[in-house]
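Data first, discussion second: the structure below is written as structure tokens.
Residue numbers (my numbering), protein chains in the order written: chain V, 62 to 407; chain L, 78 to 490.
Structure follows, in structure tokens:
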């Protein structure tokens, strides 16, 4: 437990350090935009800004046009939370191309700015991280006809832009939303191109599963926490490691009553047959050691079939004399006898 | 087949060299990875795996609407050659053509396919017809891996293993989409599985709901039912629910197809609480009901600017687990960031086991953008687990993102 406490302390310290570092300037947008009725472009000179990385924040001399600094340093607290240690506003990294110039060339009204920077006119405190548009807003105009909806225009890299486009936890949630009405992943992500960046199959960096997942994945697989089949074709993927005889037997296989009365393995198999299939080869199934039609008479041996198999009138066993049915059942090729006699009478 | 795929891949790579003359958009990634680790059983052995990969996506090449895509990698070991080295794998290599308004799209070659039911890689073709964004019909078919393949390069001939199917999508209604799917897989000229499904997506304001039902035609039973509503509050909070019923079904050529497997039901609750502009509290609560057991799985944590930390807890049918995780990152300068990932927990794969296993994994690394689009990454990984009390691994990667776009492009293919 002590190690867990240390772990949390370090984590919280790390996070709180980052929180504190961002908060150095304050600015009351509401007062300037609503009360003083200033235009956004009075301070933010964006008419010639054609890159997202441009710093369009006003310099201090812009503030000095209205606010006297002769009383400094006492007046410094108007903007600086820590006047003794003033910092420049750190511009976040912009991994996209965006031209303010192209968007405001027809109008420089506040309404136009606020159509993207929603709510910034109501912010009274710290302005950092507030009022940036979300991707949905872009698509209201960039719907693909009057304006392109191709993200390659903007060279946008969502993975580097945190929660700007998708909400937190999106790496786990996106599979659910991929089919939602109105969602169109391919408008931004060319499916195979983008998906394969993470879903590469031979991930060795821990970005999908943790590094020790090889040893503990049985928990998630057996508990159905993750749908392994959403990425892995389990019938093949599991068996590449879990080949019969290749590893240690699970402890429940050693329990009394596992392979002897009351045959606990039967219930376990019915509960989680996918778990059985992950270790036991389908080419030399261990089940057939006992579950065979030894006497050629139907119903006298331990049953393992689902009821629906009784309704299967057509099947590969008619054409293929080496079909897997004949691992357990006797292929007599004669009506009324053995396996064939189950359905075909005298 | 491998030679054919190799030839196609080579041709596409060549095209990538020629295509800039006319291509409107080229995206790609070339990487080289190195991963060192040591096995101690049955004897001490060092490995340095080398993985070289390429992904290339060329759109509107030569003629508008014509696209090429290829992704593959080659793996080999620098110190200890494995029997399969060099391991060459082509994940995808296809040619695509779309009409200007996306009324018709056809894709031919090796491709991953998911059309409502089942996902697999095939060497084949897929065609999609769209009618006024209200209705679409997708048809696909191709050669697939057999039941016991280990690599995608073992995709069989048509009479050995193939799959085909269709998906119909009705998208014309304002708030709801309804889709119907069919998939048939064949092995050695016999039907191996037949699945049909219907799914829908509904969205109104802040409520979205998705549901699906998959039916196994051969075994005449429901294979999957899922209903998944989600509500996003204006305050930034959200809550998701899910009910899932699943009845495991194996293809006929799998021996386990004859075993009377029983279904299970699962309930999931996934609330997300917005604590501040960039800080969220996240919860995963999953409760699964099997025929003779129940399983509880919880994950409680928080997220701050793409970083996360929390605890995991599970108990029941699948064993038990308790531990913590954290994924942290910090940008130390404009072109460099450092990160650390930590997982630490004790677990039992079976609740009846007497002792718990302890697992700890961590990686500390850095990314650096050496030049524009040229990136470096290196990790040091440290693991302890059931087999190794101390396991140190090194990972390095250099990659180049290729991007080129000519003026005048448009569309969203």
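Where is the CB? At the ideal position from N, CA and C, for every residue including glycine.
Reduced DSSP secondary structure (H/G/I, E/B, other) of residue i
i: residue 214 of chain V; result: Note that residue 214 of chain V has pLDDT 46, beneath the 50 cutoff, so the model's placement of it is unreliable and no number is given.
i: residue 122 of chain V; result: helix
i: residue 314 of chain L; result: coil
i: residue 423 of chain L; result: strand
i: residue 99 of chain V; result: coil
i: residue 357 of chain L; result: strand
i: residue 275 of chain L; result: strand
i: residue 165 of chain L; result: strand
i: residue 110 of chain L; result: strand
i: residue 111 of chain V; result: coil
i: residue 336 of chain L; result: coil
i: residue 165 of chain V; result: helix
i: residue 297 of chain L; result: coil
i: residue 105 of chain L; result: strand
i: residue 124 of chain L; result: strand
i: residue 72 of chain L; result: Because chain L in this structure spans residues 78 to 490, residue 72 of chain L falls outside the shown range and cannot be described.
i: residue 379 of chain V; result: helix
i: residue 331 of chain L; result: coil
i: residue 204 of chain L; result: strand
Beta carbon proximity, residue i to chain L, threshold 8 Å
i: residue 267 of chain V; result: yes
i: residue 225 of chain V; result: Any reading at residue 225 of chain V must be qualified, since the residue scores a pLDDT of 47, below 50, and its modelled position is unreliable; the value itself is stated next. Not closer than 8 Å to any Cβ of chain L, the Cβ of residue 225 of chain V fails to qualify, so no.
i: residue 285 of chain V; result: yes
i: residue 279 of chain V; result: yes
i: residue 129 of chain V; result: no
i: residue 315 of chain V; result: no
i: residue 359 of chain V; result: no
i: residue 320 of chain V; result: no
i: residue 89 of chain V; result: no
i: residue 160 of chain V; result: no
i: residue 367 of chain V; result: yes
i: residue 112 of chain V; result: no
i: residue 380 of chain V; result: yes
Inter-residue CB distance, residue i and residue j (contact presumed, cutoff 8 Å)
i: residue 491 of chain L; j: residue 471 of chain L; result: Here chain L covers residues 78 to 490 and nothing more, so residue 491 of chain L does not appear.
i: residue 253 of chain L; j: residue 271 of chain L; result: Actually they do not touch by this definition, with Cβ atoms about 27 Å apart.
i: residue 244 of chain L; j: residue 256 of chain L; result: 6 Å
i: residue 208 of chain L; j: residue 187 of chain L; result: Going by Cβ atoms, the distance from residue 208 of chain L to residue 187 of chain L rounds to 29 Å, so no, they are not a contact pair.
i: residue 438 of chain L; j: residue 273 of chain V; result: 4 Å
i: residue 259 of chain L; j: residue 242 of chain L; result: 5 Å
i: residue 271 of chain V; j: residue 420 of chain L; result: 4 Å
Spatial neighbours of residue i in its chain, beta-carbon cut-off 7 Å, leaving aside the 5 residues before and after
i: residue 355 of chain L; result: 381, 382
i: residue 201 of chain L; result: 217, 218, 219, 220
i: residue 249 of chain L; result: 211, 212
i: residue 396 of chain V; result: 402, 405, 406, 407
i: residue 319 of chain V; result: 313, 325, 326
i: residue 194 of chain L; result: 258, 260, 272, 274, 291
Residues of its chain near residue i, where Cβ-Cβ distance is below 8 Å and the 5 sequence neighbours each way are ignored
i: residue 371 of chain L; result: 364, 365, 393, 394
i: residue 393 of chain V; result: 357, 399, 400, 401, 402
i: residue 165 of chain V; result: 102, 107, 108, 173, 174
i: residue 142 of chain L; result: 174, 175, 176, 177, 490
i: residue 131 of chain V; result: none
i: residue 122 of chain L; result: 115, 116, 157
i: residue 316 of chain V; result: 325
i: residue 385 of chain L; result: 359, 378, 379, 402, 403, 404
Beta-carbon proximity list for residue i, same chain, < 6 Å, skipping 5 on both sides
i: residue 110 of chain V; result: 117, 161, 162
i: residue 373 of chain L; result: 364, 392, 393
i: residue 153 of chain L; result: 127, 162, 163
i: residue 119 of chain V; result: 104
i: residue 434 of chain L; result: 424, 463
i: residue 269 of chain L; result: 262, 263, 328, 329, 330
Any chain V beta carbon closer than 8 Å to residue i
i: residue 476 of chain L; result: no
i: residue 370 of chain L; result: yes
i: residue 283 of chain L; result: no
i: residue 343 of chain L; result: yes
i: residue 391 of chain L; result: yes
i: residue 275 of chain L; result: no
i: residue 262 of chain L; result: no
i: residue 427 of chain L; result: yes
i: residue 194 of chain L; result: no
- Query: What are the uninterrupted segments assigned as beta strand (DSSP E) that are 3 or more residues long and contained completely in the stretch 401 to 465 of chain L, given in chain order?
  - Reply: 413 to 425, 434 to 448, 451 to 461
- Completely contained beta strand (DSSP E) runs for the stretch 138 to 199 of chain L, where each covers 3 or more residues: 143 to 154, 164 to 175, 181 to 192
- Message: Quick check for students: name the residue ranges of the beta strand (DSSP E) that lie wholly in the stretch 346 to 377 of chain V, counting only runs of 3 or more.
- Response: none
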